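In my numbering, the protein residues as written are 47 to 105.
In this text, a Cβ means the ideal position worked out from N, Cα and C, and glycines have one as well.
On a predicted model such as this, the values are computed, not experimentally measured, just so you know.
Step one of this worksheet: look at the structure below.
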Amino acid sequence: MAEQVFPLVKEITPLTNIRIMGLMTMGPFTAEPEELRPCFRKTKEIFDFIKAETLKGLR
Numbered sequence: 047m048a049e050q051v052f053p054l055v056k057e058i059t060p061l062t063n064i065r066i067m068g069l070m071t072m073g074p075f076t077a078e079p080e081e082l083r084p085c086f087r088k089t090k091e092i093f094d095f096i097k098a099e100t101l102k103g104l105r
């Protein structure tokens, strides 16, 4: 999935009226917060990678 995000972001960022402010994820349905943390951590890592690529229009 991560490999699908970067090309999409590269396609979106030149659009003048759209700003990517972050990524959103839906974790698995569980009562255990520790099971959710890896999902959200991975989303943050993907966003940080994309942001590090210094794409214009990314916040």
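Assign residue i to one of two classes, buried (16 or more other C-beta atoms within 10 Å of its C-beta) or exposed (fewer than that).
i: residue 93; result: buried
State the CB to CB distance for the pair residue i and residue j, rounded to an integer number of angstroms; the pair is presumed to be in contact (CB under 8 Å).
i: residue 71; j: residue 86; result: 6 Å
Report yes if the C-beta distance between residue i and residue j is below 9 Å; otherwise report no.
i: residue 69; j: residue 89; result: yes
Sort the options by Cα distance to residue i and report the nearest one.
i: residue 74; options: 66, 84, 67; result: 84
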